[in-house]
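Worksheet for the structure shown next.
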Amino acid sequence: MKKERETQVVLTLDQEEFFSLEEMPPVQFLEIRLDLFLKGRETQKRILEKIEKLNARIVLTYRQPEDSSLESRSVWNSDDVTFLLDQLRSGIHYLDLELDKDNSIFQSADETKFGIIRSVHSFKGILNLDECLFYYRNVLEESFASAKTTLPFDCVLKLAVLPASPADAESFSQISLEIAKRVRKSDSNLGYCGIIMGEFGKEFRIFPEKIGSDFTYACLQNAKAPGQVSLNEILKQRSVS
Numbered sequence: 296m297k298k299e300r301e302t303q304v305v306l307t308l309d310q311e312e313f314f315s316l317e318e319m320p321p322v323q324f325l326e327i328r329l330d331l332f333l334k335g336r337e338t339q340k341r342i343l344e345k346i347e348k349l350n351a352r353i354v355l356t357y358r359q360p361e362d363s364s365l366e367s368r369s370v371w372n373s374d375d376v377t378f379l380l381d382q383l384r385s386g387i388h389y390l391d392l393e394l395d396k397d398n399s400i401f402q403s404a405d406e407t408k409f410g411i412i413r414s415v416h417s418f419k420g421i422l423n424l425d426e427c428l429f430y431y432r433n434v435l436e437e438s439f440a441s442a443k444t445t446l447p448f449d450c451v452l453k454l455a456v457l458p459a460s461p462a463d464a465e466s467f468s469q470i471s472l473e474i475a476k477r478v479r480k481s482d483s484n485l486g487y488c489g490i491i492m493g494e495f496g497k498e499f500r501i502f503p504e505k506i507g508s509d510f511t512y513a514c515l516q517n518a519k520a521p522g523q524v525s526l527n528e529i530l531k532q533r534s535v536s
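Quick note: the sequence shown, position 32, residue 327 per this note's numbering, numbers continuous.
Structure below.
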């Protein structure tokens, strides 16, 4: 029997926001965008201490410049993140690995310790159905060999697009629903995250289930991606729906 799928809210944070938290916000995961942190052993130690204090589950991410709308604070390499990867508790955190890019910063990671989010970002328009199906099949095959975790999904396919028009947004919403349908029918613990970035995607960031997405990403105040909605607004709108 397929388990009921609860929407997973991920709060994306930069260095100042993360270290200023005194208690865990009402979300399932905190996304630590390492490209928005100053690199160094002391930063890694502080991250680990804060995770422990908050009893937080995290999505550990490093966005390359072409996959981010923000300027990087630091350029990290694999040696810069080894300590953090080694010290994180096994089976309760996600590692975001870009499906169509080199993930050299995380090459030393023991992937059996993490749930894996395989992400694709298109800032030059939407992905068509054939492209999405290609990515889906690759991640589905990978999911069968994924490490077993206590996370909602052992492996997640994430497709984020920036449509140029309302028509493109509508087109991708239908594609996203098709991918979500296939994910749910698959005999694997695979999750799906569909994101419509920019001005035409706000509704689906607040109600991701409308495009079949198991996840949505929020910000505290300043958006970390085009069209990202604040956590307060998401919680408010979902409470009155």
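Glycine included, C-beta positions come from ideal geometry on N, C-alpha and C.
{"query": "Going by other Cβ atoms of all chains shown within 10 Å of its Cβ, with 16 needed for buried, is Gly489 buried or exposed?", "result": "buried"}
{"query": "What does the alpha-carbon distance come out to for the pair Thr407 and Lys419?", "result": "33 Å"}
{"query": "For the alpha helix (DSSP H) containing Val478, name the first residue and the last one.", "result": "Pro461 to Lys480"}
{"query": "I need the boundaries of the beta strand (DSSP E) containing Lys497, first residue and last residue.", "result": "Not the beta strand (DSSP E): Lys497 falls in the alpha helix (DSSP H), residues Lys497 to Ile501."}
{"query": "Could you tell me the distance, in whole angstroms, from the CA atom of Gly410 to the CA atom of Phe324?", "result": "12 Å"}
{"query": "Excluding the five sequence neighbours on either side, which residues of its own chain have a C-beta within less than 7 Å of the C-beta of Glu494, listed in chain order?", "result": "Gly522"}
{"query": "Mapping the DSSP letters down to three states, classify Tyr431 as helix, strand or coil.", "result": "helix"}
{"query": "Cutting at 7 Å between CB atoms, please list the residues of its own chain near Ala459, excluding the five before and the five after it.", "result": "Gly420"}
{"query": "Please name the residue in Lys505, Arg413, Glu318 and Asp425 whose C-alpha comes closest to that of Tyr547.", "result": "Because residue 547 is not part of the residues shown, which for the chain are 296 to 536, the question remains open."}
{"query": "Buried or exposed: Phe499, going by 16 or more other Cβ atoms within 10 Å of its Cβ?", "result": "buried"}
{"query": "From the DSSP output, which residues share a beta bridge with Val456?", "result": "Ser417 and Ile491"}
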